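Numbering (the working numbering), first residue to last: 2 to 412. Heads up: the structure comes next, in structure tokens.
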């Protein structure tokens, strides 16, 4: 029998953790939004090559995904809060390197991008698990609240880039460092690592053989885990083929300025914030598979709008192109908000134990799928056309829908 006093204390800790985590997500979203808008044009400005930009972006992706199994194991061992705090100095080191990067110190640019995405890895996986362990039965709804907080921050961050048009990239990197310090203080003082007073019996009785079996073997042997691994890897490759150098492409192909790119992006973030909580409820109601199918349908819209804009570029003015791109980003936002709750519920609940390590294994393999996307996209744009990666991704999403209907039974 569960002690009601323990239950009350545990629920109080969970609520406090979720409130504090939501606050940190606003700050983090602000900083990440600024960085996401300016970093590809920043790399392009230093390297003077979209191809080299694609390579550096892909190298950054290595650090975002490949260390995931180790990060997951570290998180299982040290706790999600402690590992989340570790991400703060890693982030700061990367941003300091980027502040001093220039055409004569490209090594600082590469180092800064690599370390930035390592910090993103440490931060992302542990913030997701803090949502999971502090949520009750309505996980989709709770993910919706936390991600809505994050997207609120991204809106503010994008607005700030628009207002600060003309400011040096180094200014935005410095501001991000200040926000990270505040975030670290909130995590340290207001988030508890221990919410595990109440556990289900099957989580207490971990089978020794299961504990000793290698995580990789489980993904090969268990069909359900294997399908999850394949689907999420295919998904990131398909979308990454377009998105890996998307902002750089907007700058190079349409000659859009940083504040114009930020203006387009802000519509995606507004859509994310408005619809993230309803999307979480939809996931709880319809189930994970149907929510992901809806997500892929919206994803088709993103590629269709961008392909249309590219075809019409020679015949219409920049303002109309921006309108097409905004509609595309709104469609992508609807795809994201209907995808995130299902993705995180699935990935934070793989297996009976070592869940963070399982999450890390999936992310590691997804990283292998994402690594070549920046190079592929850069080569396609420079040697075929700007349309090429968009068309390939559109066909890929249709394949994803077929795969979901035929093989995916995770509900």
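We put the CB at the ideal spot given by N, CA and C, even for glycine. Given the structure is predicted, the values throughout are model-derived calculations rather than measurements.
Could you tell me the distance, in whole angstroms, from the CA atom of residue i to the CA atom of residue j?
i, j, result
"residue 379", "residue 65", "20 Å"
"residue 199", "residue 397", "For residue 199, the predicted structure reports a pLDDT of 39, less than 50, and the residue's modelled location is therefore unreliable. The matter cannot be settled from this model."
"residue 294", "residue 355", "28 Å"
"residue 213", "residue 362", "In this prediction, residue 213 scores a pLDDT of 44, lower than 50, which makes its location untrustworthy; the coordinate-derived value is nonetheless stated afterwards. Answer to the nearest angstrom: the Cα atoms are 16 Å apart."
"residue 371", "residue 390", "14 Å"
"residue 255", "residue 316", "13 Å"
"residue 368", "residue 118", "12 Å"
"residue 296", "residue 105", "43 Å"
"residue 54", "residue 376", "9 Å"
"residue 285", "residue 47", "46 Å"
"residue 399", "residue 381", "20 Å"
"residue 291", "residue 147", "22 Å"
"residue 339", "residue 92", "29 Å"
"residue 240", "residue 249", "15 Å"
"residue 21", "residue 35", "22 Å"
"residue 90", "residue 183", "12 Å"
"residue 85", "residue 37", "20 Å"
"residue 298", "residue 242", "18 Å"
"residue 234", "residue 218", "17 Å"
"residue 385", "residue 374", "15 Å"
"residue 272", "residue 278", "11 Å"
"residue 247", "residue 103", "22 Å"
"residue 269", "residue 276", "11 Å"
"residue 52", "residue 311", "19 Å"
"residue 187", "residue 87", "13 Å"
"residue 204", "residue 12", "Unreliable positioning characterises residue 204 in this predicted model, as indicated by a pLDDT of 44, which lies under 50. The coordinate reading is nonetheless provided below. When rounded, the distance between both Cα atoms is 19 Å."
"residue 251", "residue 160", "18 Å"
"residue 223", "residue 123", "27 Å"
"residue 345", "residue 351", "10 Å"
"residue 318", "residue 383", "23 Å"
"residue 33", "residue 263", "12 Å"
By Cβ distance, which residues of its chain are closer than 7 Å to residue i, with the 5 residues on each side in sequence left out?
i, result
"residue 101", "109"
"residue 349", "129, 130, 133, 356 and 360"
"residue 18", "131, 135, 192, 193 and 196"
"residue 323", "261 and 265"
"residue 274", "149, 152, 153 and 156"
"residue 280", "145, 338, 339 and 342"
"residue 30", "151, 152, 153, 154, 155 and 158"
"residue 220", "226, 227, 230 and 362"
"residue 111", "57 and 60"
Measuring alpha carbon to alpha carbon, tell me which of the options ends up nearest residue i.
i, options, result
"residue 16", "92, 143 and 119", "143"
"residue 415", "339, 256, 152 and 82", "This structure does not reach residue 415, given that the chain is present from 2 up to 412, and the question cannot be answered."
"residue 387", "265, 406, 244 and 357", "244"
"residue 283", "141, 45, 118 and 227", "141"
"residue 238", "365, 28, 406 and 85", "365"
"residue 127", "403, 394, 314 and 358", "358"
"residue 167", "410, 376 and 259", "259"
"residue 50", "345, 62, 253 and 311", "253"
"residue 113", "270, 84, 62 and 344", "62"
"residue 121", "67, 103 and 161", "67"
"residue 289", "160, 185 and 229", "229"
"residue 27", "181, 374, 111 and 163", "181"
"residue 302", "331, 125 and 87", "331"
"residue 24", "185, 384, 346 and 329", "185"
"residue 69", "125, 304 and 160", "125"
"residue 1", "236, 224, 267 and 71", "With the chain running from 2 to 412 in the structure shown, residue 1 is simply not present."
"residue 107", "45, 160 and 71", "45"
May I ask which residues mark the beginning and end of the alpha helix (DSSP H) holding residue i?
i, result
"residue 49", "Per DSSP, residue 49 belongs to no alpha helix (DSSP H) and is neither H nor E."
"residue 350", "Here residue 350 belongs to no alpha helix (DSSP H), and DSSP marks it neither H nor E."
"residue 310", "289-313"
"residue 125", "107-134"
"residue 410", "Premise fails: residue 410 is in no alpha helix (DSSP H) and is neither H nor E."
"residue 375", "374-384"
"residue 316", "That residue, residue 316, is in no alpha helix (DSSP H); it is neither H nor E in DSSP."
"residue 151", "140-164"
"residue 83", "81-100"
"residue 224", "224-244"
"residue 181", "170-191"
"residue 248", "247-254"
"residue 104", "Neither: residue 104 is in no alpha helix (DSSP H) and is coded neither H nor E."
Can you list, in chain order, the residues of its chain with a C-beta nearer than 6 Å to that of residue i? Leave out the 5 residues immediately preceding and following it.
i, result
"residue 80", "194"
"residue 170", "39 and 43"
"residue 329", "303, 306 and 307"
"residue 300", "336 and 398"
Report all residues from its chain with a CB closer than 8 Å to the CB of residue i; omit the five preceding and five following residues, and keep chain order.
i, result
"residue 308", "388, 391, 392 and 395"
"residue 232", "401, 404, 405, 408 and 409"
"residue 165", "172 and 173"
"residue 313", "321, 322 and 325"
Under 8 Å, with one C-beta from each stretch per pair, do the region 325-339 and the region 36-48 reach the 3-pair mark?
Cβ pair count under 8 Å is below three, so no.
Report yes or no: do three or more beta-carbon pairs, one from the region 171-182 and one from the region 53-61, lie closer than 8 Å?
no
Any contact of the region 89-105 with the region 69-78, i.e. 3+ C-beta pairs under 8 Å?
no
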